[in-house]
Amino acid sequence: MDKIQIRQLRRRDFITLLGGAAAAWPLAARGQQQAMPVIGYLTTGSPESDAVPFLAAFRQGLGEIGYVEGRNVAIEHCWAEFQMDRLPEMAGDLVRRPVTAIAAIGGTPTALVAKAATSAIPVVFYLGVDPVEFGLVASLNRPGGNMTGVAALQANLVAKRVELLHELVSKAAVVALLINPANRYSETEARVAQDAASSLGLQLQVLSASNARDFDAVFGTLADLRADMLLVSADLFLHSRREEIV
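Residue numbers (our numbering): 26 to 271.
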């Protein structure tokens, strides 16, 4: 199993890299077993969201090592449309098909669902967290099993974001952090943000939203808190509501 790659790149660059990994790893070994290998593209996003450019980058990664959708590889698209409870069923469908490989796009939730769905089909993931910490792989150098991918290890960036906000609003006393509790990474993010806020003498208030109803309620709570700053978790669901947040 290839070691987990750690990069500091734009997210689109990660997905391009992931496309190449998804093809090079399982398809080279298994491509002769069927006329056209199939990659399951499992994502928390929707066809109407800005997740679409990531799909384009994924196709670019495939193309860079000679795989073109419809010509010598097929992609089975599974869009959860930010409804996390749909992921297990879609992952199960991919396993029953079965696909040649699964590309788990959308962070920790998608990778965890893919891991739970199969121990046989190769899974390539993109994460902003330590995959060892979340039990996805045994180690970064020797992942073992059927999981590999790219990790950005963004926890340190959370502390930096708190520091930057403090520099921008030096008189601030209260900072709110909006997380999606359905994303397991949110616990780590909240812990790191709390440590950073405490070190700067700030009070951190954590707000949660994992669906549209929760999201609507957040703004009322935010007004009551009279927070000076709002920090939004790196989560696809929350990112999909960015226009409402801004």
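Quick reminder that beta carbons are idealized off the backbone N, C-alpha and C, glycines included. Keep in mind it's a predicted model, so treat the numbers as computed, not measured.
Classification of residue i by the beta-carbon crowding that lies within 10 angstroms, buried from 16 upward
i: Lys185; result: exposed
i: Arg84; result: buried
i: Ala234; result: buried
i: Ala222; result: buried
i: Ala176; result: buried
i: Val187; result: buried
i: Ala242; result: exposed
i: Glu212; result: exposed
i: Asn205; result: buried
i: Val138; result: buried
For residue i, the first and last residue of its enclosing alpha helix (DSSP H)
i: Gln85; result: 77-89
i: Thr173; result: From DSSP, Thr173 is part of no alpha helix (DSSP H) but of the beta strand (DSSP E) over 172-176.
i: Ala242; result: 237-250
i: Leu261; result: 261-265
Beta-bridge partners of residue i, as assigned by DSSP
i: Glu94; result: Val98
i: Ser233; result: Ile204
Between the CA atoms of residue j and residue i - distance to the nearest angstrom
i: Ala197; j: Ala252; result: 8 Å
i: Met115; j: Phe150; result: 16 Å
i: Ile270; j: Val257; result: 9 Å
i: Leu255; j: Phe240; result: 14 Å
i: Pro156; j: Thr246; result: 33 Å
i: Arg32; j: Thr69; result: Annotation note: pLDDT 42 at Arg32 (below 50); position unreliable, coordinate value reported separately. Arg32 and Thr69: Cα-Cα distance of roughly 22 Å.
i: Ala163; j: Arg267; result: 35 Å
i: Tyr92; j: Tyr66; result: 15 Å
Boundaries of the beta strand (DSSP E) in which residue i is found, first to last residue
i: Val63; result: 63-68
i: Val217; result: Careful: Val217 lies outside any beta strand (DSSP E), inside the alpha helix (DSSP H) at 210-224.
Note down, one range per segment and in chain order, each beta strand (DSSP E) of at least 3 residues found wholly within the segment 97-139.
-> As far as the segment 97-139 is concerned, its whole beta strand (DSSP E) runs of at least 3 residues are 99-104, 126-130.
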